[in-house]
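Here the protein sequences line up with chains A and B, keeping their order.
Residue numbers are given in the working numbering: position 109 of the first sequence equals residue 127, and the series is strictly consecutive.
Residue numbers are given in the working numbering: position 212 of the second sequence equals residue 230, and the series is strictly consecutive.
Protein chains: 2
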Amino acid sequence: MTDFPFEIAATDGKARTGALKTSRGDIRTPAFMPVGTAATVKALYMDQVRDAGSDIILGNTYHLMLRPGAERVQRLGGLHKFAGWSGPMLTDSGGFQVWSLANLRKLTEEGVTFQSHVDGSKHSLTPERSIEIQADLLGSDIVMQLDECTPFPCLRDDARASMELSLRWAKRCQTAFGHRDSQTLFGIVQGSVYEDLRRESAERLVGLGFGGYAVGGLAVGEGFEMMCEVLDHTVPHLPKDRPRYLMGVGKPIDLVEAVARGVDMFDCVLPTRSGRHGQAWTDTGPINLKNARFAEDDSPLDASIDCPASRDYSKAYLHHLIRCGEYLGSMLLSWHNIAYYQSLMARMRTAIAAGEFQAFRQGFVDGLDASKSD
Amino acid sequence: MTDFPFEIAATDGKARTGALKTSRGDIRTPAFMPVGTAATVKALYMDQVRDAGSDIILGNTYHLMLRPGAERVQRLGGLHKFAGWSGPMLTDSGGFQVWSLANLRKLTEEGVTFQSHVDGSKHSLTPERSIEIQADLLGSDIVMQLDECTPFPCLRDDARASMELSLRWAKRCQTAFGHRDSQTLFGIVQGSVYEDLRRESAERLVGLGFGGYAVGGLAVGEGFEMMCEVLDHTVPHLPKDRPRYLMGVGKPIDLVEAVARGVDMFDCVLPTRSGRHGQAWTDTGPINLKNARFAEDDSPLDASIDCPASRDYSKAYLHHLIRCGEYLGSMLLSWHNIAYYQSLMARMRTAIAAGEFQAFRQGFVDGLDASKSD
């Protein structure tokens with residue numbers, strides 16, 4: 019396996035900033051990866067995603083294997099060409115969506131069989147098939163191992179069994195992945211909320227050796243404090259010189275606190291999903307544009323963000339669009355939210371580089387608290 | 019009333035090309051006006067609408083008076099500022115949508131009362147109120163008289179009574195409009211499919227004197243041939259030196275045949291509405307991107323159109339997006355369709371200026387016929 023060079027330019031406490039250098043371009047870390055579920059970041063043009071400051075986007079193997087089909091994507095030139103994204107892409111393994119979306123799931127040592135939530139068609143996903151889809155057919159830059167995403171809550175014995183299965187699948191993924199130029203494979207730490215299981219999962223994955231390490235099985239209902247605790251217990255057992263990716267997280271405050279704990283990469287549907295539902299993220303928390311108080315508010319969402327959606331449209335107009343169910347409302351709020359998330363990542367990178375991350379973090383928390391007490 | 023200068027640069031048969039010169043910019047004619055129903059051209063950014071070649075867009079008085087409300091738009095700086103469109107705008111009178119969308123309509127000599135299709139609230143629209151909304155509150159550049167849109171089919175006596183009412187309302191609109199700098203008022207010819215009624219309506223409107231003349235009451239079910247006949251009977255009674263606007267029309271072939279009959283302006287929801295439903299317009303007719311034959315078609319919709327949606331995305335990708343119900347599918351097809359319509363208008367303007375419109379028209383019809391016989 020060829021690991022992408024990961025250059026850490028500065029650290030501040032546990033927080034780090036730098037770049038993961040892929041053949042399709044650098045990923046500035048800490049990085050937020052917008053989710054391009056079905057070869058599109060919902061309601062956005064790819065140039066908006068890129069211009070908002072995104073270096074990498076995520077594709078969902080589950081969605082793409084169902085529609086348009088992984089072999090079809092390959093025949094059409096691969097996922098980058100198909101989706102019109104020339105930068106790096108990370109694909110998930112498909113396991114999480116099988117767990118959360120598919121019907122009639124059946125899990126065995128070999129892998130998982132399921133029925134599509136779209137048309138009921140039958141499919142299977144094994145470690146080998148997931149790697150084939152991601153690395154060979156879609157042509158992903160960062161490939162994720164197939165794992166079982168442990169549910170929450172989860173008994174210790176079940177969490178251990180699940181973690182052991184994910185480790186065996188990690189090894190099979192590694193074998194299937196083999197040695198590749200310009201593509202890398204990440205392992206995924208599981209173990210639910212159990213400190214010793216998380217440590218063991220991390221150590222055994224590191225023993226296998228991956229290009230990067232993800233923390234999986236979080237943001238599944240355990241809550242903010244427990245998520246932070248798991249990161250406190252897990253990140254120290256991951257190698258300093260490899261990128262750390264917290265999967266499926268999260269709200270802005272989650273990102274700030276995870277960066278403080280040494281996480282380098284994130285993905286989440288929240289900015290686009292909440293945007294489609296009329297919610298805009300700001301430093302003082304989320305605001306719901308449907309609210310009548312915005313009906314004649316002529317101010318933009320955030321004039322300090324260099325994005326038309328944040329700067330050039332009044333809240334009154336956005337309120338009107340959302341109330342009317344207009345496409346443009348979803349388009350503009352999704353765009354703003356991605357720009358807001360990327361602005362937050364950029365501010366964190368700057369603060370870490372300047373050795374001012376603790377002050378930034380405190381200021382961010384204070385801003386949220388102040389708005390809550392309004 | 020200040021009539022906008024209308025400069026006809028060339029004629030070819032009955033077809034003309036030129037420009038209607040407003041204080042917010044020139045409208046190149048023949049012109050297609052995308053419909054910006056609720057202060058947004060659905061699923062498009064205004065810069066896409068403009069860059070596709072649109073000089074003017076249309077706003078719907080009915081929709082805007084319900085949401086966000088005409089007085090609210092005024093308080094927010096008028097429709098141009100609210101919607102982010104700096105070019106000229108035409109607003110309809112609201113009458114057509116009251117007729118097609120509202121509940122519990124009651125028509126009297128005074129005007130029409132109705133209940134909102136959105137929330138059941140009660141409203142009224144008179145000639146005076148329509149002018150107030152369009153000219154004073156929204157701040158439209160081209161204001162349409164309130165008329166009654168005669169249904170189809172319609173008995174002669176009913177068509178006459180309706181036409182007479184529209185003429186009385188035309189006069190009241192003119193009085194209410196008064197003399198204004200930088201805004202103009204268009205009258206609307208009615209009379210259903212009856213040649214003598216259309217002529218009488220046109221002549222009496224011309225006697226009143228308007229900045230432009232619309233042909234209303236078409237595209238309501240009468241069909242292509244009858245629409246062409248009505249234009250044959252109506253347009254010759256309109257002054258050569260004023261713009262002629264065919265309301266609510268239509269398919270590309272309708273536009274070509276109406277231009278051949280001397281029409282200068284059009285509006286229609288078709289390109290955006292059909293785009294949202296997976297249909298793309300081309301010189302060989304509409305194609306439905308949902309169709310399985312596009313699943314691996316790597317070609318763009320029309321590489322000759324200088325629009326990213328037409329040129330830079332494969333039909334296979336569009337097929338995938340539409341199949342998945344993705345926003346981007348509706349966004350791209352609406353964008354392409356507006357660009358296609360504007361490309362068609364530009365080609366007609368060029369052909370008229372070159373004295374080659376009859377050849378263009380024949381070629382266009384032949385292209386459609388050839389595709390039908392495929």
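No residue lacks a Cβ here, since even glycine has one placed at the ideal position from N, Cα and C.
Proximal residues to residue i (C-beta, below 6 Å), its chain only, five neighbours per side dropped
i: B/Q66; result: W353
i: B/G373; result: D30
i: B/R34; result: I26
i: A/M244; result: V211
i: B/T168; result: A177, S180, Q208, S210, G235
i: B/D282; result: T47, P48, P261, R262
i: A/V238; result: F170
i: B/G77; result: G54, L97, M107, T109
i: A/Y358; result: W299
i: A/S134; result: L84
i: A/L288; result: none
Residue range of the unbroken alpha helix (DSSP H) whose run includes residue i
i: B/T252; result: 242-252
i: A/Q360; result: 345-371
i: B/M181; result: 174-195
i: B/G381; result: 375-390
i: A/I340; result: 333-341
i: A/R291; result: 288-294
i: B/I323; result: From DSSP, B/I323 is part of no alpha helix (DSSP H); its letter is neither H nor E.
Check: residue i C-beta below 7 Å from any heavy atom of the ligand ADP
i: B/D285; result: For the ligand ADP, the structure offers nothing, since it holds no ligand at all.
Cβ of residue i within 8 Å of any chain B Cβ
i: A/H338; result: yes
i: A/C325; result: no
i: A/P318; result: no
i: A/L249; result: no
i: A/F242; result: no
i: A/P48; result: no
i: A/M1; result: This structure gives no information on residue 1 of chain A, because the portion of chain A shown stretches from 19 to 392.
i: A/L236; result: no
i: A/G77; result: no
i: A/P289; result: no
i: A/P106; result: no
i: A/A313; result: yes
i: A/G102; result: yes
i: A/E374; result: no
i: A/A334; result: yes
Same chain, Cβ closer than 8 Å to residue i, five either side skipped, listed in chain order
i: A/R260; result: D21, F24, F228, G229, G230, Y231
i: A/G138; result: N121
i: B/R365; result: F378
Strand pairing of residue i, partner residues [DSSP]
i: A/Y263; result: A/A232, A/M283
i: A/T131; result: A/K124, A/S142
i: B/D44; result: B/K39
i: A/G303; result: A/T300
i: B/R34; result: B/T29
i: B/P318; result: B/S332
i: B/I50; result: The sequence given here places Phe at residue 50 of chain B; Ile does not occur at that position. Its beta-bridge partners are B/F284.
Host beta strand (DSSP E) of residue i (start-end)
i: A/D65; result: First-last for A/D65: 64-69, but that is the alpha helix (DSSP H), not the beta strand (DSSP E).
i: A/A27; result: 24-30
i: B/P270; result: No beta strand (DSSP E) holds B/P270; the alpha helix (DSSP H) holding it covers 270-278.
i: B/C310; result: Here residue 310 of chain B is Ala; the residue named in the question, Cys, does not match the sequence. Note, B/A310: premise wrong, no beta strand (DSSP E); not H, not E.
i: A/A57; result: It is not in any beta strand (DSSP E) - A/A57 carries neither H nor E in the DSSP assignment.
Other residues of its chain near residue i: CB distance less than 7 Å, five sequence neighbours each side excluded
i: A/Y331; result: P318, L350
i: A/A371; result: A27, A28, T35
Min CB distance residue i to chain A below 8 Å
i: B/K258; result: no
i: B/S111; result: no
i: B/Y231; result: no
i: B/L226; result: no
i: B/K60; result: yes
i: B/A177; result: no
i: B/P52; result: no
i: B/G157; result: no
i: B/P86; result: yes
Problem set entry | Runs of alpha helix (DSSP H) lying entirely within the region 200-238 of chain A, each at least 4 residues, in chain order | 213-226
Exercise. In the region 137-161 of chain A, which residue ranges form an unbroken alpha helix (DSSP H) of at least 4 residues, counting only runs that do not cross its ends?
Worked result: 145-149
Exercise. Unbroken beta strand (DSSP E) runs of length 3 or more, entirely within the region 74-124 of chain B: which are they?
Worked result: 75-77, 107-109
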